[in-house]
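Here the structure comes first, spelled out in structure tokens, and everything after it is commentary.
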Amino acid sequence: MWIIFGLLAIAATLFNLYTFSVGKDYKLPMALALSLTALTVCADYSYLSVWVEAEDWGALADVIPGMGRALWVLTSISIFLNLLPIFLERTRKQA
Numbered sequence: 014m015w016i017i018f019g020l021l022a023i024a025a026t027l028f029n030l031y032t033f034s035v036g037k038d039y040k041l042p043m044a045l046a047l048s049l050t051a052l053t054v055c056a057d058y059s060y061l062s063v064w065v066e067a068e069d070w071g072a073l074a075d076v077i078p079g080m081g082r083a084l085w086v087l088t089s090i091s092i093f094l095n096l097l098p099i100f101l102e103r104t105r106k107q108a
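Just so we're aligned, residue 14 is where the sequence shown starts under the numbering used here, counting upward by one.
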């Protein structure tokens, strides 16, 4: 499920940037992309909780360190890309 949410979040982010570049209202795609990013993190956390319940400590020890860093980096990139149109719009208004 987290893969589906992740792919939808990427698509919504690209759509957000596209709607901004053509001059349309980008706020709904931005909210959708950020919501899908949050759902991706929640779904991934739920996926890992299954391993905890199964007490599969070897799998958790292998996956958690790398996945934790990946989630931080990818979530930060998603937030930055989705907020980028707001900052670009402000610089256009000031110019």
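Positions of the beta carbon are idealized from the N, C-alpha and C atoms, including for glycine.
Note that the structure is a prediction, hence the values are computed from the model and not measured.
At least 3 beta-carbon pairs within less than 8 Å: the stretch 76-95 vs the stretch 21-36: yes
DSSP-derived helix/strand/coil call for Asp69: Here the question's residue 69 lines up with position 56 in the sequence shown. Residue state, collapsed to three classes: coil.
3 or more residues per run - each beta strand (DSSP E) lying fully within the stretch 22-73: none
Helix, strand or coil at Ala108 according to DSSP, with G and I counted as helix: Position 95 of the sequence shown holds residue 108. In this structure, Ala108 counts as coil in the three-state DSSP scheme.
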